[in-house]
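First to last, the sequence lines map onto chains P and Z.
Heads up, the final residue of the first sequence is numbered 317 in this note's numbering, and it's a clean run with no missing numbers.
Heads up, the final residue of the second sequence is numbered 274 in this note's numbering, and it's a clean run with no missing numbers.
By construction, the Cβ of each residue, glycine as well, lies at the ideal position given by its N, Cα and C atoms.
To keep things clear, I will list the structure first and then write my remarks on it.
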Amino acid sequence: MEMSPKRGANILIWAVLLTMPYWINWIGGYTSLGSRVMVLALAAMSLNFLLGFTGVLSFGHAAYFGLGVYGMGLTIKYLVPSTVAGTAVGVVAGAAAAAVIGLLIVRLRGIYFAMATIAFGQVFYFIAYRWNTVTGGDDGLSGWHRQPIDLGFAAWDILGSDRAFYYWVLVCFAGATGIMAALLHSPFGRTLLAIRENERRARFLGIPVDRHIWLSWMISCFFVSLAGTLYALLNNFADPHDLRWDQSGDFVIMAVLGGMRAFWGPLIGAAIFVVLQDYVSSQTQNWMSFIGLFFVLVVVFFPRGVLGILHRPSSR
Amino acid sequence: MSLLQVESVSRHFGSLVAVENVSMSVEVGELRAVIGPNGAGKTTFFNLISGFLTPTSGRIVFGGEDITNLLPARRVWRGISRTFQLTEVFPELSVQQNLRIAVEIAAGYRLRPWLSRREDAAVSIRATDLCNKGGLANVETRLVGELSHGDQRATEIMMALALNPRLLLLDEPTAGMGDQETYNITRLIRQLHRDQKLTIVLIEHDMRVVFHLADRIMVLAEGRMLAEGTPREIAANERVQAAYLGQA
Numbered sequence: 002m003e004m005s006p007k008r009g010a011n012i013l014i015w016a017v018l019l020t021m022p023y024w025i026n027w028i029g030g031y032t033s034l035g036s037r038v039m040v041l042a043l044a045a046m047s048l049n050f051l052l053g054f055t056g057v058l059s060f061g062h063a064a065y066f067g068l069g070v071y072g073m074g075l076t077i078k079y080l081v082p083s084t085v086a087g088t089a090v091g092v093v094a095g096a097a098a099a100a101v102i103g104l105l106i107v108r109l110r111g112i113y114f115a116m117a118t119i120a121f122g123q124v125f126y127f128i129a130y131r132w133n134t135v136t137g138g139d140d141g142l143s144g145w146h147r148q149p150i151d152l153g154f155a156a157w158d159i160l161g162s163d164r165a166f167y168y169w170v171l172v173c174f175a176g177a178t179g180i181m182a183a184l185l186h187s188p189f190g191r192t193l194l195a196i197r198e199n200e201r202r203a204r205f206l207g208i209p210v211d212r213h214i215w216l217s218w219m220i221s222c223f224f225v226s227l228a229g230t231l232y233a234l235l236n237n238f239a240d241p242h243d244l245r246w247d248q249s250g251d252f253v254i255m256a257v258l259g260g261m262r263a264f265w266g267p268l269i270g271a272a273i274f275v276v277l278q279d280y281v282s283s284q285t286q287n288w289m290s291f292i293g294l295f296f297v298l299v300v301v302f303f304p305r306g307v308l309g310i311l312h313r314p315s316s317r
Numbered sequence: 027m028s029l030l031q032v033e034s035v036s037r038h039f040g041s042l043v044a045v046e047n048v049s050m051s052v053e054v055g056e057l058r059a060v061i062g063p064n065g066a067g068k069t070t071f072f073n074l075i076s077g078f079l080t081p082t083s084g085r086i087v088f089g090g091e092d093i094t095n096l097l098p099a100r101r102v103w104r105g106i107s108r109t110f111q112l113t114e115v116f117p118e119l120s121v122q123q124n125l126r127i128a129v130e131i132a133a134g135y136r137l138r139p140w141l142s143r144r145e146d147a148a149v150s151i152r153a154t155d156l157c158n159k160g161g162l163a164n165v166e167t168r169l170v171g172e173l174s175h176g177d178q179r180a181t182e183i184m185m186a187l188a189l190n191p192r193l194l195l196l197d198e199p200t201a202g203m204g205d206q207e208t209y210n211i212t213r214l215i216r217q218l219h220r221d222q223k224l225t226i227v228l229i230e231h232d233m234r235v236v237f238h239l240a241d242r243i244m245v246l247a248e249g250r251m252l253a254e255g256t257p258r259e260i261a262a263n264e265r266v267q268a269a270y271l272g273q274a
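In structure tokens, the structure reads:
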């Protein structure tokens with residue numbers, strides 16, 4: 002059977018992700034760095050479902066990411082010491098907030114939509130920042146840690162082993178990206194591409210555009226909350242900055258850096274972002290300047306992002 | 027039986043009167059042309075029918091139902107589909123994908139997260155069929171944004187047709203086209219009208235096209251209806267000649 006380049010790239014990416022904990026130390030990394038790349042990649046890919054494949058820019062995704070983070074932390078700390086319960090609470094909290102806010106802003110377009118997402122996002126940041134007694138305020142929520150997952154016949158010790166935790170992240174990542182990829186290849190996904198390409202034409206083909214944008218927003222926010230729950234587990238900590246608008250900006254940077262028209266673009270963007278951050282921040286405090294410079298260079302010379310160099314708009 | 031009845035609609039933009047008290051009744055299977063000098067309100071009139079704008083006053087009835095205030099998408103669901111003066115397509119998708127999206131929506135799949143093999147095959151067959159009918163077979167896999175103006179137009183018309191409309195609105199289908207492209211599009215419209223008995227209303231500047239295709243012609247000038255009749259009657263109408271044909 003002949004193999005298409007796309008299929009080859011998919012196999013390569015999954016092979017790398019599946020085996021990473023076994024060789025990452027050899028190239029100067031460590032297992033939780035790999036987990037971190039995947040968690041942030043999931044967040045950026047979720048954002049990109051909306052940005053790259055529906056054509057709608059959100060600058061407030063950190064809010065739903067952060068709701069996932071705090072949903073996890075608060076659940077394990079105060080309710081039940083269970084990773085699975087924390088995941089459920091985090092994702093439901095993120096999705097519920099997104100559902101309501103989405104209804105309020107879905108009629109806005111372009112920069113107005115982006116500004117509204119920031120405004121609503123900051124509300125959650127200030128709640129986490131101010132509500133000291135519950136959220137720990139500026140100090141963040143500590144005094145809890147991830148819990149082994151009970152599989153019935155055995156426990157999956159994601160607490161004791163970084164490698165085990167890596168594979169928990171990989172399972173969530175694979176499920177989420179698998180669903181998003183399948184949706185993008187469905188009739189529903191194609192209506193989103195239609196909206197991105199030409200909203201007027203989409204409307205006059207009979208697509209209720211606002212409703213479809215709301216659905217895309219929901220899918221996007223749902224998976225970014227899932228990424229948030231994983232981020233909480235990774236750090237064993239919830240930081241109010243995870244909710245702040247500059248965190249949203251990081252997700253946008255990752256998506257644009259990697260290439261927002263390519264499905265795997267944000268994964269590449271997140272990898273570059275996290276590795277650069279890890280390496281440069283050990284050399285200098287001003288690591289963000291280097292990321293910024295790199296970002297500017299990419300945007301100027303490769304406006305379609307790193308994967309955009311390889312990836313011409315598909316004419317399948 | 028009349029499919030579309032426009033009852034003395036007006037549309038004002040502030041103090042500007044774009045369309046004033048225009049009525050029109052289109053029969054099933056009719057091909058109606060709307061002509062008039064630039065700024066006569068033709069496109070505004072179209073926008074009122076397709077729901078891009080709602081009228082300041084008046085009523086629009088389609089298939090016996092009052093659609094005056096329905097949203098565009100709901101009018102599409104009832105069978106009105108349209109093309110635009112400036113071609114509106116999905117430029118970074120292929121011709122096949124453009125048509126596929128339209129076919130899937132027509133089949134009621136717009137919210138479906140998957141298709142069965144059989145459904146998928148049926149969609150592909152229909153999209154390919156539309157491609158061939160629109161003379162697009164040789165550019166099927168190309169991105170629409172890379173095609174010639176004429177082929178983009180043809181793609182847009184075939185997308186509108188993919189919805190199985192009861193009424194097709196074409197806003198200047200041959201605008202900006204060379205002779206060969208104009209001929210191809212005219213032939214396509216004629217086929218749709220003759221063979222499929224499709225009801226069509228079109229705005230057109232090219233008088234050869236209008237007089238070749240139309241069953242009846244309505245003339246607009248300065249937002250008002252100047253005349254209405256068969257091509258022969260319109261050609262002989264002195265007011266039309268004075269206001270429009272002579273001037274053009």
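Under 8 angstroms between C-beta atoms, does residue i make it to chain Z?
i	result
residue 304 of chain P	no
residue 207 of chain P	yes
residue 285 of chain P	no
residue 192 of chain P	yes
residue 199 of chain P	yes
residue 195 of chain P	yes
residue 204 of chain P	yes
Report the CB separation of residue i from residue j in whole angstroms; it is logged as a contact under 8 angstroms.
i	j	result
residue 205 of chain Z	residue 229 of chain Z	That pair is no contact at about 20 angstroms.
residue 95 of chain P	residue 145 of chain P	In fact, because the Cβ distance is near 19 angstroms, the residues do not count as touching under 8 angstroms.
residue 59 of chain P	residue 51 of chain P	6 angstroms
residue 22 of chain P	residue 147 of chain P	Not confirmed; about 17 angstroms, so no contact.
residue 88 of chain Z	residue 61 of chain Z	The Cβ separation is near 22 angstroms, so there is no contact.
Would you verify that the beta carbon of residue i is, or is not, closer than 8 angstroms to some beta carbon of chain P?
i	result
residue 137 of chain Z	yes
residue 163 of chain Z	no
residue 274 of chain Z	Reliability fails at residue 274 of chain Z, whose pLDDT of 47 lies under 50, so the model's placement of it is uncertain and the value that follows must be treated cautiously. So no, residue 274 of chain Z is outside the interface.
residue 102 of chain Z	yes
residue 98 of chain Z	yes
residue 32 of chain Z	no
residue 254 of chain Z	no
residue 130 of chain Z	yes
residue 141 of chain Z	yes
residue 108 of chain Z	yes
residue 14 of chain Z	Any answer about residue 14 of chain Z is impossible in this case: the structure gives chain Z only from 27 up to 274.
residue 185 of chain Z	yes
residue 173 of chain Z	no
residue 218 of chain Z	no
residue 193 of chain Z	no
residue 156 of chain Z	no
residue 189 of chain Z	yes
Worksheet entry | Given 8 angstroms, three or more beta-carbon pairs between the segment 58 to 70 of chain P and the segment 235 to 247 of chain P | yes
Worksheet entry | Contact the segment 248 to 259 of chain P vs the segment 171 to 179 of chain P: 3+ CB pairs below 8 angstroms | no
Discussion item. Against chain Z, which members of the segment 157 to 189 of chain P pass a CB distance test of less than 8 angstroms?
Written reply: 183, 184, 187, 188, 189
Practice prompt. Give, in chain order, every unbroken run of the beta strand (DSSP E) that is at least 3 residues long and sits entirely within the segment 58 to 139 of chain Z.
Written response: 83 to 88, 106 to 108
Worksheet item: Mind pulling the beta strand (DSSP E) runs of 3 or more residues that sit fully within the segment 26 to 90 of chain P?
Response: Taking only runs of at least 3 residues, no beta strand (DSSP E) segment lies wholly in the segment 26 to 90 of chain P.
Worksheet item: Are three or more beta carbon pairs between the segment 229 to 241 of chain P and the segment 118 to 136 of chain P nearer than 8 angstroms?
Response: yes
Item to complete: Taking a Cβ distance cut-off of 9 angstroms, strictly less, list which residues of the segment 98 to 112 of chain P are near chain Z, in chain order.
Response: In summary, no residue of the segment 98 to 112 of chain P has a CB separated from any CB of chain Z by less than 9 angstroms.
Discussion item. Assess contact between the segment 33 to 48 of chain P and the segment 207 to 227 of chain P, defined as three or more Cβ pairs (one per stretch) separated by less than 8 angstroms. Is contact present?
Written reply: Touching, yes.
Worksheet item: Which runs of the alpha helix (DSSP H) fall wholly inside the segment 182 to 261 of chain P and span at least 4 residues, in chain order?
Response: 188 to 198, 200 to 204, 210 to 236, 246 to 259
Worksheet entry | Members of the segment 48 to 79 of chain Z near chain P, C-beta cut-off 9 angstroms | Taking a C-beta cut-off of 9 angstroms against chain P, the contacting residues of the segment 48 to 79 of chain Z are 76, 77, 78, listed in chain order.
Item to complete: Report yes or no: do three or more beta-carbon pairs, one from the segment 209 to 217 of chain Z and one from the segment 149 to 158 of chain Z, lie closer than 8 angstroms?
Response: no
Discussion item. Within 8 angstroms, do at least three Cβ pairs link the segment 67 to 78 of chain Z to the segment 89 to 105 of chain Z?
Written reply: yes
Worksheet item: Between the segment 176 to 184 of chain Z and the segment 110 to 117 of chain Z, do three or more beta carbon pairs fall short of 8 angstroms?
Response: yes
Practice prompt. Note down, in chain order, all residues in the segment 223 to 235 of chain Z with a beta-carbon under 9 angstroms from any beta-carbon belonging to chain P.
Written response: none
Worksheet item: Any contact of the segment 55 to 74 of chain Z with the segment 240 to 256 of chain Z, i.e. 3+ C-beta pairs under 8 angstroms?
Response: yes
Practice prompt. Determine, using beta-carbon pairs with one atom in the segment 97 to 107 of chain P and one in the segment 117 to 126 of chain P, whether at least three such pairs fall under 8 angstroms.
Written response: yes
Discussion item. Count Cβ pairs between the segment 274 to 286 of chain P and the segment 31 to 45 of chain Z that sit closer than 8 angstroms; are there 3 or more?
Written reply: No: the two stretches stay apart, fewer than three of their Cβ pairs being nearer than 8 angstroms.
Discussion item. Below 8 angstroms, how does it come out for the segment 183 to 196 of chain P and the segment 205 to 217 of chain P: are there three or more Cβ pairs, yes or no?
Written reply: yes
Worksheet item: Counting pairs of Cβ atoms below 8 angstroms between the segment 124 to 133 of chain Z and the segment 183 to 193 of chain Z, do you hit three or more?
Response: yes
Worksheet entry | Members of the segment 195 to 215 of chain Z that neighbour chain P once the beta carbon cut-off is set at 7 angstroms | none
Worksheet item: Do three or more CB pairs link the segment 267 to 276 of chain P to the segment 30 to 41 of chain P at distances below 8 angstroms?
Response: Flag = yes, the segment 267 to 276 of chain P and the segment 30 to 41 of chain P touch.
Discussion item. Any C-beta of chain P within less than 7 angstroms: which residues of the segment 110 to 122 of chain Z qualify?
Written reply: Residues passing the 7 angstroms Cβ filter: 114, 115, 116, 117, 118, 119, 120.
Discussion item. Please give me, in chain order, every unbroken run of the alpha helix (DSSP H) with length at least 4 that falls completely inside the segment 128 to 203 of chain Z.
Written reply: 143 to 159, 175 to 188
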